[in-house]
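Right, one structure below, let's go through it.
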Amino acid sequence: MVKKKRPPIQFNDEQLLLQASNVADIYHQLALDLFDNVVERVTERGTVYLDKQPYIWQLEKMQQMHLLNEDNLKLISKYSGVAEEQLRHIVENEGLKLYTDTKQQLMEDLGRGSAGNSNHIQEILADYASQAIGDLNNLINTTLPKAVIGAYQGIVEQSVARVVTGLSTADKAISDTVMKWQEKGFQGFKDSAGRNWKIDNYARTVIKTTTYRTYREMRTRPAEELGIDTFYFSKKASAREMCAPLQHQIVTTGHARTEHGEKILALSDYGYGRPEGCLGINCGHMLTPFIPGANYKPDLGEDVAEVTPEKAEENANAEAKQRALERSIRANKEKLHVAEKLGDKELIDKYKSKIGTQNAALKDYVDKHPFLKRNEAREKLFKKNEKPASVEPAGNKSYVSVKEKWLSNVDPSKAKVSEMNFWEHNGQKYQVDGKHVVLDYSRKEKEVGEWLSKTFGKHVQMAPRVNYPKDIPTPDYLIDGMKFDLKEISGSGKNVFDNASKKAKEQAENIVFDITNTPLAEQEISNRLEEIYKSGRRGLNIAVLKKSDELIDILEPKEK
């Protein structure tokens, strides 16, 4: 018997794909750090010998090549190990969760039993991960070291040539040559179309392709196994020509038809399977299994509800221009970083000016297109040895960082702070009366509440304290219905974080740790929190770390 209609299963697509983007950022950061190593070796001990005895300088630099290679191999091993671990987690763990959740709901919608064994899916996902990692390892462990040494050798030889022929001074020769190689990047290979691929760009493509393939297949496979060929086509504010008419519609991999009064469109009529067609290259749409008669279309958010197919295409063009501007800003920040390492004031001024002009242009462009949102993470320059914000820590850490996830969903229009006039516990409401139930939060608690609201674009509610009846626990804040406490850390004792987390289980499992006044280093703080998450005895869920008005990180337990 078919149950009451309900919407198709919902997924957080943006967060899933953000995880993949963060893994790709690891390889991009690796390329930046490797180029830093090259510049540091080239500029070591200045340019006096290059000016006076260029060939002696060249010989000395070539003799250092093996030291550079040793440093590079250590760096590559460090980064690729983290990236491999994360990619496996995304493909195997998140992919399996997508499959099992999808199949279970389909079974319920069809009135059947449990989803059954998924061993075959685990094997498929492991193969997907291994194939992608194999491609990346071949490129990163074999091609990349050679490309870095090639860049170093090229910079040294070309700098000497410019000095010997009198084309430029030693300082200018190094600056010009380094910037030329920075623009070129570490080349990986040439594809069939004759395009040269930068190694980190190729890595991003492999990761993105694998992730989309995994997420799409783990949604559609359960339906195929149950004989279902109909799907809900997701809706975004922007869409390509072939996708725009399909948004928020029911589609099929079979023939177009009508079932239970629901019009079903055939994907084959919209270029399905072709690069430029629906669900083609760089398409971010997702299919969700949909059973006509058992499911109904989900409600649309205000940001997409009124978007017509024509407007979606127009928005896609606007979004593409925004992405181009963001890439250009990030590229110029990378050039500025190299110019600063070279100490070239002329180049520093040049790129600072460019970045300022582009920032103003991007702000103006986003202001003219209300559907666009500025995300400074896409313009960010990773500093040397800085881990991309929401990449899960390497090794056996018991927590993951979700900082980027929270910051990617900030909506300033929802930011506000209000007071609750009652507290509800076990179904009983306790009204604020100034005696038994009081609002007596401190100035510090109010300031942090306002900071939370502004930083995350959330509605923060100041919770009252229940004096009577006794033993009714209350948090300091409710943020989107989640209980949070504020804990100020000022000492450096071994148990300072553990003691601050004692009431997590009964009072608030989420804690804002203000670490402004503790002498502990961030690494030591991470170690203390690792002990708490690993033991699990405190029941700590989300930990927000703030220092003055700076958000340091947001942690939550790693899924087991």
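The sequence shown begins at 4 in my numbering and counts up by one. Note that CB positions come from ideal geometry on N, CA and C, so glycine has one too.
Proximity below 8 Å, CB of residue i to CB of residue j
| i | j | result |
| --- | --- | --- |
| Asn199 | Gln185 | no |
| Lys490 | Phe516 | yes |
| Leu229 | Leu109 | yes |
| Ala27 | Lys211 | yes |
| Asn144 | Ile79 | yes |
| Ala132 | Val94 | yes |
| Gly460 | Val413 | yes |
| Pro292 | Phe234 | yes |
| Leu282 | Tyr275 | yes |
| Ile492 | Ile518 | yes |
| Asp479 | Glu448 | yes |
| Lys239 | Leu303 | no |
| Tyr30 | Ala206 | yes |
| Ile557 | Lys457 | no |
| Ala34 | Asp203 | yes |
| Thr256 | Asp232 | yes |
| Asn318 | Phe236 | no |
| Glu559 | Ser401 | no |
Where residue i falls, given that 16 or more other Cβ within 10 Å makes a residue buried
| i | result |
| --- | --- |
| Ala392 | Low local confidence applies: a pLDDT of 44 at Ala392 is under 50, so the model's placement there is unreliable, and no value is given. |
| Lys438 | exposed |
| Asn335 | buried |
| Leu270 | buried |
| Ala135 | buried |
| Val441 | exposed |
| Asp194 | exposed |
| Asp36 | buried |
| Asn141 | exposed |
| Leu548 | buried |
| Val394 | Only weak support is given to the placement of Val394: the predicted model assigns it a pLDDT of 43, under 50, and the value that follows is read from those uncertain coordinates. The residue is buried, with at least 16 neighbouring Cβ atoms inside 10 Å. |
| Gly398 | Unreliable positioning characterises Gly398 in this predicted model, as indicated by a pLDDT of 47, which lies under 50. The coordinate reading is nonetheless provided below. It counts as exposed. |
| His288 | buried |
| Arg541 | buried |
| Lys497 | exposed |
| Cys416 | What sits at residue 416 in the sequence shown is Ser, not Cys. Per the 10 Å Cβ criterion, exposed. |
| Ala323 | exposed |
Candidates the options: closest to residue i by CA position
| i | options | result |
| --- | --- | --- |
| Asn183 | Gly114, Gln161, Asn285 | The residue asked about is misnamed: residue 183 is Lys in this sequence, not Asn. That would be Gln161, whose Cα lies nearest to the Cα of Lys183. |
| Ser495 | Lys508, Asn470, Glu527 | Glu527 |
| Ala308 | Ser241, Phe293, Ile267 | Ser241 |
| Gly264 | Ile294, Tyr273, Glu244, Gly280 | Ile294 |
| Lys55 | Ala173, Ile143, Leu62, Glu111 | Ala173 |
| Lys187 | Gly49, Val163, Glu337 | Glu337 |
| Glu313 | Cys281, Lys447, Glu244 | Glu244 |
| Ile253 | Tyr215, Arg219, Lys447, Tyr299 | Tyr299 |
| Lys561 | Ile535, Asp552, Ser551 | Ile535 |
| Lys157 | Glu509, Val45, Val420, Ile29 | The residue you asked about is not Lys; residue 157 is Gly in the sequence shown. Selected option, being the one with the closest Cα: Val45. |
| His462 | Val51, Glu262, Val420 | Val420 |
| Ala507 | Ile284, Glu553, Arg531, Ala546 | Ala546 |
| Ile284 | Ser551, Tyr471, Thr168, Thr213 | Thr213 |
| Gln567 | Asn72, Glu73, Arg48 | Since the first residue of the chain shown is 4 and the last is 563, residue 567 is not available in this structure. |
| Asp39 | Leu339, His92, Thr521, Ser24 | Leu339 |
| Glu87 | Thr103, Ala23, His69, Glu73 | Ala23 |
Any chain C beta carbon closer than 8 Å to residue i
| i | result |
| --- | --- |
| Ala240 | Protein chain content of the structure displayed is limited to a single chain, and chain C is not contained in it. |
Cβ neighbours of residue i in the same chain (closer than 7 Å, five flanking residues each side left out)
| i | result |
| --- | --- |
| Val5 | Its pLDDT being 43, under 50, Val5 is placed unreliably by the model, and nothing is read from it. |
| Gln434 | Asn424, Phe425, Val440 |
| Val151 | Leu37, Val41, Asn75, Phe189 |
| Trp565 | The first residue shown for the chain is 4 and the last is 563, placing residue 565 beyond what the model contains. |
| Asp552 | Trp454 |
Residues of its chain near residue i, where Cβ-Cβ distance is below 8 Å and the 5 sequence neighbours each way are ignored
| i | result |
| --- | --- |
| Val42 | Val181, Val341, Lys344, Leu345 |
| Ile332 | Ile358, Gln361, Asn362, Leu365, Glu382 |
| Ser171 | Arg165, Asp179 |
| Ile555 | Ile518, Glu525, Leu548, Lys549 |
| Asp272 | Ala259 |
| Asp306 | Ala240, Phe374 |
Same chain, Cβ closer than 6 Å to residue i, five either side skipped, listed in chain order
| i | result |
| --- | --- |
| Thr208 | none |
| Ala511 | Pro478, Lys486, Phe487, Asp488 |
Self-check item: At least 3 beta-carbon pairs within less than 8 Å: the region 223-232 vs the region 345-359
Solution: Segments in contact, no.
Self-check item: the region 248-265 contacting the region 126-143, beta-carbon criterion three pairs below 8 Å
Solution: Verdict: no, contact absent.
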